[in-house]
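Numbering (the working numbering), first residue to last: 25 to 257.
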Ligand code: C5P
């Protein structure tokens with residue numbers, strides 16, 4: 025696995041996602057992120073169909089349940105032949121270890137497993153008030169990254185601003201998958217802490233997750249190619 029751009033396909037129907045993916049007629053098929061909206065609307069067949077079209081898939085379902093349930097769910101996702109799946113580190117070490125067991129196929133192969141630390145929609149105030157966690161957010165994120173690493177996971181989803189610190193703490197081989205990417209002159213939308221693809225490359229992100237700057241662009245293929253040129257090439 026190397027550096028790549030993952031396109032967040034936040035569409036609500038198979039029709040919409042196919043009409044978007046049909047635009048990519050070149051040799052390089054984008055790495056695609058499928059989230060809850062599309063998965064719950066269309067079911068597991070959407071994963072099989074997109075895979076059949078030659079795309080690698082990050083299935084972003086953020087599992088969080090008791091270890092046995094997560095283990096069994098991960099075994100099902102592993103059977104879909106996805107490339108990356110994720111869970112909440114807050115499910116604890118036992119849940120993460122069970123997830124890895126469930127993901128591992130009889131031949132020893134498995135999709136990459138990455139952890140969500142604290143959602144970027146959670147701020148210090150809501151974390152203290154609702155979760156009774158009183159440490160500084162940066163320490164909490166780093167702690168969750170560390171327990172994910174110790175449980176045997178492959179990386180974390182984090183802000184590009186946190187990628188360098190995660191690599192310092194958990195090693196260069198521990199993957200940082202970073203949303204919150206915008207072109208220098210682009211509309212930020214609801215993302216507050218953003219970086220350009222070139223900046224994310226400089227800071228050492230392994231994968232950038234880019235949604236609307238590509239999906240809502242007048243020319244999505246050109247926007248994707250620009251991301252690849254800035255981040256990968
Ligand atoms: O359209 P945009 O580029 O903002 O999309 C970013 C994608 O990454 C969305 O699918 C969003 O749900 C996801 N994401 C995020 N921030 C996180 C975790 C996931 O923006 N902390």
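Every residue gets a Cβ at the ideal spot worked out from N, C-alpha and C, and that includes glycine. Source: prediction; values computed, not measured.
- Message: Once the 5 residues before and after residue 238 are set aside, which same chain residues still bring their CB inside 6 angstroms of it?
- Response: Counting from one through the chain shown, the residue named residue 238 turns up at place 214. Counting only Cβ-Cβ distances below 6 angstroms, and skipping sequence neighbours, we find 31, 244, 247 and 248.
- Query: If you measure from the CB of residue 197, is any heavy atom of the ligand C5P nearer than 6 angstroms?
  - Reply: Stepping through the chain shown from its first residue, residue 197 is reached at position 173. Flag unset: Cβ of residue 197 not near the ligand C5P.
- How many whole angstroms separate the CB atoms of residue 201 and residue 181, which I take to be in contact at a CB cut-off of 8 angstroms? Counting from 1 along the chain shown, the entry for residue 201 is found at position 177. Counting from 1 along the chain shown, the entry for residue 181 is found at position 157. Confirmed, Cβ separation roughly 5 angstroms.
- Message: Checking 7 angstroms against the spacing of the C-beta atoms, do residue 98 and residue 139 come in under that value?
- Response: Within the chain shown, residue 98 is the residue found at index 74, counting from 1. Within the chain shown, residue 139 is the residue found at index 115, counting from 1. Residue 139 is positioned such that its CB atom lies no closer than 7 angstroms to that of residue 98.
- Three-state secondary structure (DSSP) of residue 84: Mapped onto the chain shown, residue 84 falls at position 60. In the three-state reduction of the DSSP assignment, residue 84 falls in the strand class.
- Message: As a quick exercise: from 113, 96, 119 and 131, pick the residue whose alpha carbon is nearest that of residue 179.
- Response: Here residue 179 refers to the residue found at position 155 of the chain shown. Out of 113, 96, 119 and 131, 113 has the C-alpha closest to the C-alpha of residue 179.
- Message: With H, G and I counted as helix, E and B as strand and the rest as coil, what does DSSP make of residue 139?
- Response: The sequence position of residue 139 within the chain shown is 115, counting from 1. DSSP places residue 139 in strand when its eight states are reduced to three.
- Answer yes or no: the CB of residue 142 versus the heavy atoms of the ligand C5P, is any distance below 6 angstroms? As a position in the chain shown, residue 142 is number 118, starting the count at 1. Not under cutoff, so the answer is no.
- Query: Thinking just about the alpha-carbon of each residue, which of 131, 137, 49 and 128 is nearest to the one in residue 85?
  - Reply: On the chain shown, position 61 is the one that residue 85 refers to. Per the Cα distances, 137.
- Query: Of the choices 129, 126, 105 and 36, whose alpha-carbon is the least far from that of residue 78?
  - Reply: If you number the chain shown from 1, residue 78 lands on position 54. Comparing Cα-Cα distances from residue 78 to each of 129, 126, 105 and 36, the minimum goes to 105.
- Task: List the DSSP bridge partners of residue 179.
- Result: Within the chain shown, the letter at position 155 stands for residue 179. Residue 179 pairs with 138 and 199.
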